[in-house]
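The sequence shown finishes on residue 265 if you use this note's numbering, and the numbering steps up by one all the way, no holes.
Reading through the structure tokens given below for one structure.
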Amino acid sequence: MKEIFIKIAPEEAFLKLQAPIGLDIGVETPGDIAISIAAEIIAAKKGKLEGFKKGEWEDKMLLQNYTLRIVLAECNPSSEKVNALVELSEDISEVFPYLNTVLKGFQYSDKEKILTVKRKGHLITFRPRQIAITKLEDDKEAREVMEELKQIVNETYVNRGQIKPSYTSIPIPRPTDIYKLLPGTNCKKCGVPTCFAFAFKLTTNELDWKQCPLLLTEEFEANRLKLSEILHDGEG
Ligand code: SF4
Numbered sequence: 030m031k032e033i034f035i036k037i038a039p040e041e042a043f044l045k046l047q048a049p050i051g052l053d054i055g056v057e058t059p060g061d062i063a064i065s066i067a068a069e070i071i072a073a074k075k076g077k078l079e080g081f082k083k084g085e086w087e088d089k090m091l092l093q094n095y096t097l098r099i100v101l102a103e104c105n106p107s108s109e110k111v112n113a114l115v116e117l118s119e120d121i122s123e124v125f126p127y128l129n130t131v132l133k134g135f136q137y138s139d140k141e142k143i144l145t146v147k148r149k150g151h152l153i154t155f156r157p158r159q160i161a162i163t164k165l166e167d168d169k170e171a172r173e174v175m176e177e178l179k180q181i182v183n184e185t186y187v188n189r190g191q192i193k194p195s196y197t198s199i200p201i202p203r204p205t206d207i208y209k210l211l212p213g214t215n216c217k218k219c220g221v222p223t224c225f226a227f228a229f230k231l232t233t234n235e236l237d238w239k240q241c242p243l244l245l246t247e248e249f250e251a252n253r254l255k256l257s258e259i260l261h262d263g264e265g
């Protein structure tokens, strides 16, 4: 490599070369590798590289490894969606109050050490050594979601000094408040007999508001945004 390098640059520049390049943040795809390289360049320019040298990031990670298995949805075995159960190599409960802030936790019990969040259409339940993820297409999506969660857990843990912990759950919305935002036609296209039954199942997370086709139309855009807000699902 040195022989190739000195053909295009002064030899003393070789001594300043850093390789391999890119922060070691567990990337796999070409896009992620490009991001890790750009992140290292920015960190070097800002003088912040010290804490992110190879191996040091891994030392700071709370969650190192996990094993993932796909399970059928217990409440609806005929559903095309699957769930994932992920066993963790470490107890990550220390980060829960900070994750509750970062992910706008849906339900949190500090005593029981259980945190539930809604994210991108999935219900995600964190326990000290386990994460459960619902409504997945397949094993591939489960692994992509889990890699993203691992990244979030570790970044939150590293940055916890700057995050205000939260120990409370958000209020559960009332079916009547949700019902007011539904089309009210009782057309049954969502699979339940009435809009009110649909509203009730949204509060218990048995159904997703996207299962009402009318809500996806332009006419109901404002209702959709409001629903997403009160259901804390980060969509709409
Ligand atoms: S599909 Fe929408 S409008 Fe029709 S019953 Fe279900 S919630 Fe009501």
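All residues carry an ideal CB built from backbone N, CA and C; glycine is no exception.
Here the structure is a predicted model, which means the values were calculated and not measured.
Pairing I66 with D139, the inter-Cα distance amounts to about 38 Å. If you draw a 10 Å sphere on the C-beta of P194, you find fewer than 16 other C-beta atoms in it, and that means exposed. Annotation for S118: Q93, N94, Y95 place their beta carbon closer than 7 Å to its own, counting only its chain and skipping 5 residues before and after.
Under the rule that a run must span 3 or more residues, no beta strand (DSSP E) segment is found entirely inside the region 185 to 211. In terms of Cβ geometry, K164 and K110 form a close pair [threshold 8 Å]. Per the C-alpha coordinates, the member of M175, E170, D168 positioned closest to Q159 is M175. The beta carbon of L97 sits closer than 7 Å to the beta carbons of A113, V115, A171, R172, M175 from its chain, once the five residues preceding and following it are set aside; these are given in chain order.
For F229, the CB stays at least 7 Å from every heavy atom of the ligand SF4.
Residue burial annotation: V124 is buried, with at least 16 other C-beta atoms found within 10 angstroms of its C-beta. By the neighbour-count criterion, in which a residue is buried when 16 or more other Cβ atoms sit within 10 angstroms of its Cβ, L254 is exposed. Taking non-hydrogen atoms of the ligand SF4 into account, the C-beta of T205 is found less than 7 Å away from none of them. Taking C-beta separations shorter than 8 Å and ignoring five residues to either side along the sequence, the partners of P222 in its chain run N215, following chain order.
In this structure, the straight-line span from the alpha carbon of I259 to that of K75 is close to 40 Å.
If you check the C-beta of K209 against the ligand SF4, you find no heavy atom less than 7 Å away. Counting of Cβ neighbours within 10 angstroms places E250 among the exposed residues, the total staying below 16. Listed in chain order, the non-local C-beta contacts of A228 below 8 Å within the same chain comprise P204, T205, I207, Y208, L211, local neighbours out to five positions each way being set aside.
Taking 8 Å as the cut-off, the beta carbon of G220 is found no closer than this to the beta carbon of Q191. As computed with DSSP, Q136 is found in a beta bridge with T145. The bridge partners DSSP lists for T154 are T145, A161. The ligand SF4 approaches P242 closely enough that one of its heavy atoms is under 7 Å from the residue's Cβ. The closest CA to that of D168, considering only H261, L152, V100, L178, is found on V100. Within the same chain, and ignoring the five residues on either side of I153 in sequence, the residues whose Cβ sits closer than 6 Å to its Cβ are V146, I162. Secondary structure of V111 (DSSP, three-state): strand.
The distance from the Cβ of I199 to that of V131 is about 14 Å, inconsistent with a contact at the 8 Å cut-off.
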